[in-house]
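Residue numbers (this note's numbering): 3 to 308.
Positions of the beta carbon are idealized from the N, C-alpha and C atoms, including for glycine.
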């Protein structure tokens, strides 16, 4: 009887995932029929209206209050609504990646997407066979970063955490694969796959602002959290340069990709990269970004859950 109930529960959960995915993909397909700007603006308005009504909004507001104790309730609510608009835009942008990303390294005037740090991309392109690591956070449309790198022949294999819904995950994976380099799901064996890319002199990209239950203890916005040590471990093993990069949303539906110069990861007394100190350094960089544009980060994430 227990086994029957267990199997029934699994099948019901699978059915729930399938129905949810059908709804999500159907909505995105309808939005695809609209001009990109209209679809994105519509999604933004809907999310700002209904986002505050879901349970995750309370988590976002609580996280914001602890991060910004000096801000008023009205200011906190504004940031939270900006966050919902940003996340809605990100979801819809998946179906418009081919239309939205118009960056041309040879163009004299910027289009919808501009890049700050072109000279860094060009310099890295000349370092044939030398591995590099890019890191970013869930800021703006972070999916544009590997696409931009590919425009400079810097194909990047990105580590990503797929959604819990396997049907939505498959849809997003196919959408992302069609527009960017390789993708490695964040699961068992991911570290080995990324190591192979670096072994071959390739480039990898890592999101560093998510909760990692078995990570090292660090602080983010003054609160204790756990951070994935993978980037620091790979950088230590391969002694490769590490570059911060992020996407910033601009007014009028435009984007700025910012690639910063390489960071010097902290080292211990033996001269090797210090894993814990490096993980904290990554958090500090992302915190600086978030403080510049707090409405462009996902505050409903359980980042501080230990």
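By Cβ distance below 6 Å, which residues in the same chain neighbour residue 15 in space, the five residues on each side in sequence not counted?
Reading the chain shown from its first residue, position 13 is the one you call residue 15. A distance below 6 Å between beta-carbons, with the five flanking residues on each side excluded, links residue 15 to no residue of its chain.
Just the C-alpha distance for residue 267 and residue 119, rounded to the nearest angstrom, thanks.
By one-based count along the chain shown, residue 267 stands at place 265. By one-based count along the chain shown, residue 119 stands at place 117. Going by the C-alpha atoms only, they are around 20 Å apart.
Please classify residue 198: does DSSP put it in a helix, a strand, or coil?
Residue 198 sits at position 196 when you count from the first residue of the chain shown. It is helical.
Do residue 63 and residue 301 come within 9 Å of each other at the CB atom, strictly closer than that value?
In the chain shown, counting from the first residue as 1, residue 301 sits at position 299. In the chain shown, counting from the first residue as 1, residue 63 sits at position 61. Taking 9 Å as the Cβ cut-off, residue 301 and residue 63 qualify as a contacting pair.
Cβ-based neighbour list, residue 304, same chain, cut-off 6 Å, excluding 5 preceding and 5 following
For this step, residue 304 is matched to residue 302 along the chain shown. Counting only Cβ-Cβ distances below 6 Å, and skipping sequence neighbours, we find 213.
My guess is that residue 135 and residue 244 are in contact by the Cβ rule of under 8 Å, so how many angstroms apart are they, rounded?
Taking the chain shown and counting its residues from 1, one reaches residue 135 at position 133. Taking the chain shown and counting its residues from 1, one reaches residue 244 at position 242. In this structure, residue 135 and residue 244 form a Cβ contact; the two beta carbons are roughly 5 Å apart against a cut-off of 8 Å.
In chain order, which beta strand (DSSP E) runs of at least 3 residues are fully inside the segment 113 to 190?
Scanning the segment 113 to 190 for uninterrupted beta strand (DSSP E) segments of 3 residues or longer gives 115 to 118, 134 to 138, 158 to 162, 185 to 187, listed from N- to C-terminal end.
Beta-carbon contacts of residue 98 that lie in its chain and below 6 Å, excluding the five residues immediately before and after
Taking the first residue of the chain shown as 1, we reach residue 98 at position 96. Contacts found: 38.
Note down, in chain order, each residue of its chain lying with its Cβ closer than 8 Å to the Cβ of residue 242, except the 5 sequence neighbours on either side.
Position 240 of the chain shown, counted from the start, is the residue given in the question as residue 242. Cβ within range, chain order: 132, 133, 134, 135, 200, 236.
Can the beta-carbon of residue 210 be found closer than 9 Å to that of residue 159?
The residue given as residue 210 occupies position 208 in the chain shown. The residue given as residue 159 occupies position 157 in the chain shown. Not closer than 9 Å, so no.
Hey, could you find the ends of the alpha helix (DSSP H) residue 75 is sitting in?
For this step, residue 75 is matched to residue 73 along the chain shown. Run containing residue 75: 75 to 95, per the alpha helix (DSSP H) assignment.
My output table needs one value for residue 35: the three-state DSSP class, helix, strand or coil.
Residue numbering aside, residue 35 sits at position 33 when the chain shown is read from its first letter. Looking at residue 35 - three-state DSSP - the assignment turns out to be coil, as it is neither helix nor strand.
Three-state secondary structure (DSSP) of residue 204
Your numbering for residue 204 matches position 202 in the chain shown. Note: residue 204 maps to coil in three-state DSSP.
Provide the residue(s) that pair with residue 288 in DSSP beta bridges, ordered along the chain.
Position 286 of the chain shown holds residue 288. BP columns for residue 288 are empty, so no partner.
Collapsed DSSP secondary structure at residue 216 in the structure displayed:
Residue mapping note: residue 216 aligns to position 214 of the chain shown, counting from 1. Assigned with DSSP and collapsed to three states, residue 216 falls in coil, not helix or strand.
When DSSP labels each residue in this structure, what does residue 272 get in the three-state scheme?
Locating residue 272 in the chain shown gives position 270, where the first residue counts as 1. DSSP places residue 272 in coil when its eight states are reduced to three.
For residue 146, verify whether its CB is less than 8 Å away from any heavy atom of the ligand NAD.
Questions concerning the ligand NAD fall outside what the structure shown contains, since it holds no ligand whatsoever.
Residue nearest to residue 161 in terms of C-alpha spacing, selected from 196, 169, 154, 25:
The residue labelled residue 161 in the question sits at position 159 within the chain shown. Sorting 196, 169, 154, 25 by C-alpha distance to the C-alpha of residue 161 places 196 at the top.
Taking the CB atoms as reference points, tell me whether residue 247 and residue 265 lie closer together than 9 Å.
Here residue 247 refers to the residue found at position 245 when the chain shown is read from its first residue. Here residue 265 refers to the residue found at position 263 when the chain shown is read from its first residue. No, they are not a contact pair.
Taking Cβ positions, are residue 217 and residue 281 nearer each other than 9 Å?
For the purposes of this step, residue 217 is taken as the residue at position 215 of the chain shown. For the purposes of this step, residue 281 is taken as the residue at position 279 of the chain shown. Contact flag set, yes.
Could you check how far apart the C-beta atoms of residue 154 and residue 123 are, in whole angstroms? I think they sit under 8 Å.
Taking the chain shown and counting its residues from 1, the one referred to as residue 154 is at position 152. Taking the chain shown and counting its residues from 1, the one referred to as residue 123 is at position 121. Taking the Cβ atoms as the reference, residue 154 lies roughly 4 Å from residue 123, within the contact range of under 8 Å.
For residue 141 and residue 117, the rounded distance between their alpha carbons:
Along the chain shown, read from residue 1 onward, the residue named residue 117 stands at position 115. Along the chain shown, read from residue 1 onward, the residue named residue 141 stands at position 139. Straight-line spacing of the CA atoms in residue 117 and residue 141 works out to 15 Å.
Can you tell me the Cα-Cα spacing of residue 272 and residue 238, whole angstroms?
For the purposes of this step, residue 272 is taken as residue 270 along the chain shown, with counting starting at 1. For the purposes of this step, residue 238 is taken as residue 236 along the chain shown, with counting starting at 1. When rounded, the distance between both Cα atoms is 12 Å.
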